[in-house]
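Here's the structure we're looking at; comments come further down.
Protein chains in written order, with this note's numbering: chain A, 227 to 326; chain B, 1352 to 1876.
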């Protein structure tokens, strides 16, 4: 059995990488991918704990996170597409009209 | 598990079902009713308002009549005083926001089916989140609330600023969701280490209290991530970056709805997980919250001073008010929690009144955003100017309006609480609300004491928006005139938090008998 510490460490690293992608990358599509990476790190940690403690509930949570992640990306892509139609760019730096 | 074990008590879920049903009905009107857009907008906002009011009535009268905590649906769903209070606030805000939306939709010649339905679905998410007895239920409620709001913020599809607001909200909101979820997964692991893996809020709280004072890093990390995810929705500094941009870009009625209902829902969730049981202290989150409160009040108020856009000023002011409300959570006493409930209601009334006036003054192509567009409105629309003045004075904290009582109860609870630095932070709060007088009074001065520079655009008032504004303004004054009755109600509702943490306490005592080297006295207030 994989030790619990390894599992938590791996999920945390993946989560931090995802969060860094959201904060640092300038391409909106890559930012969305960063969010997916974060959610998958969460899935990994749920599944890991679930296996380790032999508790079925963790598996169910992963399914819920899948559904929500899919919905979020769906809405995200829709918003990005309509913004791309208006601005012809996907670079976060160009989206600065809301500043005084 | 048989269906009977699930304990499907549909009676508890009537408000949620009513709101969801109304959302579906509103969508059906678009496809079945052959009528001009104008009439359809009226029918749809009407359905939405009536459904929200009916759900609020059911919540307050039927669910609120019996005190005590009732759970159902396999221990996922709970109805108690806290849920009843915040559901009433959310449903009231949703009813007023749908009334306000009609005018904005008419100005922009948009069909209202999707807009109103999303508003209702988001409301349903809030109701589920407020009633969550389990962290996974809380997460699902949060997402059902947030995802429609991302779309609503961007609902003006041809306007790059609105879509930009939607995108920013989506990206930062999803980031917060990630934090919240990772926190939940770590707490799930922590409860597993403590013997029984669970995401039930009561179990998590009990496990944390049981392991106090040496709470493992897993629980502390999970608690901090969960807390950050929730505080993000409240808009507290340093998780406030999205607030001004999103509030500025969204339609006015949605801005009002977000600033009021999302905030109230997030506070309900914070109270349910962290309120009144000593978890904050056990997880060593108390100092973090102290810093957050101080920063939020200072940054919110100081940034609001510099704004020339009324909408942006109100966005920063909502950050500042989040700071005041968080003070009540920081105090953690029964008085503090009751003050949080009271303030959420009062803030809903006064903020919706302010936004209602802005909606009233806005025409297509003449959105009232800059401060100088308010010049001389006192002579043009005296009633609306008076309502705007009342709401500004109330936000500022002028007696005898509701804003004054809210601040008074919060600051009093903090002064009588006992944690290091409680007097200092109360003084900081009072000083900061003195600072806020400058930018609130500036709105009143501009609307009363200067002449209009530009001719007023042709004006078409809206019955719905007028009704919403008048109701909100009336509440601002009425609650201000009889604060005692509402505070007593808030106190009764907050009582359920103590009852539920008392239910946790025996479990703690029983387990300490077996646990080694654990303090027998869980830190409870």
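Beta carbons: idealized from backbone N, C-alpha and C, even for Gly.
Just tell me which of the options has its CA closest to the CA of residue i.
i               : options                               : result
residue 1639(B) : 1588(B), 1742(B) and 1748(B)          : 1588(B)
residue 1832(B) : 1778(B), 1777(B), 1795(B) and 1750(B) : 1750(B)
residue 1762(B) : 1644(B), 1830(B) and 1710(B)          : 1644(B)
residue 1442(B) : 1699(B), 1754(B) and 1737(B)          : 1699(B)
residue 1624(B) : 1612(B), 1769(B), 1688(B) and 1601(B) : 1688(B)
residue 1447(B) : 1552(B), 1518(B) and 1609(B)          : 1609(B)
residue 1468(B) : 1459(B), 1496(B), 1482(B) and 1492(B) : 1496(B)
residue 1571(B) : 1358(B), 1723(B), 1630(B) and 1596(B) : 1630(B)
residue 1651(B) : 1662(B), 1671(B) and 1666(B)          : 1671(B)
residue 1847(B) : 1633(B), 1521(B), 1622(B) and 1768(B) : 1622(B)
residue 1477(B) : 1619(B), 1604(B), 1742(B) and 1717(B) : 1619(B)
residue 228(A)  : 277(A), 260(A) and 249(A)             : 277(A)
residue 1694(B) : 1683(B), 1685(B), 1444(B) and 1673(B) : 1673(B)
residue 1493(B) : 1507(B), 1701(B), 1524(B) and 1728(B) : 1524(B)
residue 255(A)  : 304(A), 324(A) and 282(A)             : 304(A)
residue 1732(B) : 1605(B), 1491(B), 1828(B) and 1817(B) : 1817(B)
residue 338(A)  : 1825(B), 1770(B), 1781(B) and 1519(B) : This structure cannot settle anything about residue 338(A), because the visible part of chain A is limited to 227 through 326.
residue 1616(B) : 1392(B), 1455(B), 1838(B) and 1696(B) : 1696(B)
residue 1607(B) : 1534(B), 1661(B) and 1465(B)          : 1661(B)
residue 1444(B) : 1820(B), 1748(B) and 1388(B)          : 1820(B)
residue 1392(B) : 1403(B), 1380(B) and 1499(B)          : 1380(B)
residue 1632(B) : 1794(B), 1480(B), 1770(B) and 1394(B) : 1770(B)
residue 1483(B) : 1435(B), 1759(B), 1561(B) and 1782(B) : 1435(B)
residue 1513(B) : 1681(B), 1439(B), 1602(B) and 1562(B) : 1602(B)
residue 1562(B) : 1538(B), 1578(B), 1580(B) and 1657(B) : 1538(B)
residue 1461(B) : 1405(B), 1507(B), 1669(B) and 1489(B) : 1507(B)
residue 1690(B) : 1765(B), 1411(B), 1760(B) and 1827(B) : 1760(B)
residue 1752(B) : 1738(B), 1765(B) and 1764(B)          : 1738(B)
May I ask which residues mark the beginning and end of the beta strand (DSSP E) holding residue i?
i               : result
residue 1428(B) : 1428 to 1430
residue 315(A)  : Element bounds for residue 315(A): n/a, residue is neither H nor E.
Could you please give me the residues that DSSP links to residue i through a beta bridge?
i               : result
residue 1612(B) : Per DSSP, none; premise fails for residue 1612(B).
residue 266(A)  : Partner(s): none; residue 266(A) has no beta bridge.
residue 253(A)  : 317(A)
I need the boundaries of the alpha helix (DSSP H) containing residue i, first residue and last residue.
i               : result
residue 1400(B) : 1388 to 1408
residue 1674(B) : 1661 to 1682
residue 1422(B) : Not the alpha helix (DSSP H): residue 1422(B) falls in the beta strand (DSSP E), residues 1421 to 1423.
residue 1584(B) : 1568 to 1585
residue 1904(B) : There is simply no residue 1904(B) to check, as chain B begins at 1352 and stops at 1876 in what is shown.
residue 1644(B) : 1637 to 1656
residue 1627(B) : Premise fails: residue 1627(B) is in no alpha helix (DSSP H) and is neither H nor E.
residue 1711(B) : 1685 to 1712
residue 1747(B) : 1733 to 1747
residue 1377(B) : 1365 to 1383
residue 1764(B) : 1753 to 1767
residue 1562(B) : 1552 to 1562
residue 1594(B) : 1593 to 1600
For my contact list, residue i and residue j are in at a C-beta cut-off of 8 Å; report their separation, rounded to the angstrom.
i               : j               : result
residue 1530(B) : residue 1569(B) : That belief does not hold up - the Cβ atoms of residue 1530(B) and residue 1569(B) are roughly 16 Å apart, past 8 Å.
residue 1486(B) : residue 1429(B) : No, residue 1486(B) and residue 1429(B) are not in contact; Cβ-Cβ is about 13 Å, not under 8 Å.
residue 1452(B) : residue 1433(B) : That belief does not hold up - the Cβ atoms of residue 1452(B) and residue 1433(B) are roughly 28 Å apart, past 8 Å.
residue 1516(B) : residue 1599(B) : 7 Å
residue 1611(B) : residue 1703(B) : 6 Å
residue 270(A)  : residue 240(A)  : 7 Å
According to DSSP, simplified to helix, strand and coil, what is residue i?
i               : result
residue 1817(B) : helix
residue 1858(B) : Here the model assigns residue 1858(B) a pLDDT of 45, short of 50, so the residue's position is not dependable, and the following value carries that caveat. Residue 1858(B) falls in the helix class under three-state DSSP.
residue 1358(B) : coil
residue 1483(B) : strand
residue 1510(B) : coil
residue 1773(B) : helix
residue 240(A)  : helix
residue 1717(B) : strand
residue 1848(B) : helix
residue 1868(B) : Because the pLDDT of residue 1868(B) is 37, which lies under 50, any placement of that residue in the model is unreliable, and the number read from its coordinates should be weighed accordingly. Note: residue 1868(B) maps to coil in three-state DSSP.
residue 1565(B) : coil
residue 1536(B) : helix
residue 1724(B) : helix
residue 1875(B) : For residue 1875(B), the predicted model reports a pLDDT of 39, less than 50, meaning its position is unreliable and no value from the coordinates is stated.
residue 1863(B) : Bear in mind that a pLDDT of 42 at residue 1863(B), under 50, signals an unreliable position, so the model cannot answer this.
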